[in-house]
Structure formats: C-alpha cells, structure tokens
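Following the numbering used here, the numbering of the sequence shown begins with 991 at its first residue and continues without gaps. Note that the Cβ used here is the ideal one computed from N, Cα and C, for glycine as well. Here is the structure we will look at.
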Amino acid sequence: MSETEKKLIDSDNPSEQNPCLVMLFATPALEESLVDWLLENESIYGFSTTESYGHGQRASAMSLLEQVTGRQRRIQFLIEINQNLAPVLLQSLKLSFPGLHFLVIPVLSAGSL
C-alpha cells in the first residue's frame, strides 16, 4: 500500500476529498460474498446495498423466467470512495469477482442535512 493510500485510509472518511461513487451490480448469488469482501477492505469507509432489476436485450444471459418478465434481479452496491483509490478497488474486485458490472461517477456534493 502506498503512502498516499495510507494517508487517505487513515483520515476519518477517506472519500471526503475528491470523492466518487462506485456502483456495482451483482447477481443475488454474489451478495453475501461481496458484502463480506467489502467489509474487510480497509479503503472502504462504508457502503449501501439495494435490490434492483436489470433490463436489456441480452436474452442469452437471462433465465426463462427472466426472459418472460423482462428483467433480472440484481443487488446494487453504492460505495463512496476517494477518486484516487477507485482504480485500486476496481482492480482488486476484478481479481475476486470477474465479470462484475460497475460505474464510477464523480460526487459533486455529499454530507448530512
């Protein structure tokens, strides 16, 4: 781990400066493994999960029931993290969970009201 990563992780909330939102979309079968993996990762201050549904044209990746209903159940993970740590997080995730769909979005503002 680099000195920059250590400094970012050692702050109260490493995402406070230069934050981004990493969104992961996992199958329900991966939910518990991914939750455990994220909880063990020191660069993650916290995350949220929600049930979501994917819709699309890739019928080959869908079960017969999913093809009939036109949607696939997914678990969406929302992780606020320092933008400099996002590539490291994604590379680690790729090794442990290949094929996981993700988005990285800049965070313009965040906090508690």
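Identify which residue in the options has its Cα closest to the Cα of residue i.
| i | options | result |
| --- | --- | --- |
| E1041 | S1033, L1068, G1060 and A1100 | L1068 |
| F1092 | L1083, L1098, A1100 and L1075 | L1083 |
| A1076 | V1094, S1023 and G1060 | V1094 |
| G1036 | E1021, F1087 and E1070 | E1070 |
What separation, rounded to the nearest whole angstrom, lies between the Cα atoms of residue i and residue j?
| i | j | result |
| --- | --- | --- |
| L1028 | I1034 | 7 Å |
| L1085 | L1079 | 10 Å |
| S1102 | L1054 | 43 Å |
| L1011 | N1031 | 16 Å |
| R1064 | P1096 | 23 Å |
| D1026 | L1020 | 10 Å |
| L1024 | M1013 | 13 Å |
| Y1043 | Q1081 | 25 Å |
| A1100 | E1022 | 27 Å |
| G1046 | F1087 | 22 Å |
| N1074 | G1060 | 37 Å |
Find out if the Cβ-Cβ distance for the pair residue i, residue j is shorter than 8 Å.
| i | j | result |
| --- | --- | --- |
| P1018 | N1072 | no |
| Q1066 | T1039 | yes |
| A1016 | L1090 | yes |
Could you give the residue range of the alpha helix (DSSP H) that holds residue i?
| i | result |
| --- | --- |
| V1078 | A1076 to S1086 |
| V1025 | E1021 to E1030 |
Going by DSSP, what residue range makes up the beta strand (DSSP E) through residue i?
| i | result |
| --- | --- |
| L1068 | Q1062 to N1072 |
| L1093 | H1091 to P1096 |
| G1101 | From DSSP, G1101 is part of no beta strand (DSSP E); its letter is neither H nor E. |
| G1044 | F1037 to G1044 |
| P1009 | P1009 to A1016 |
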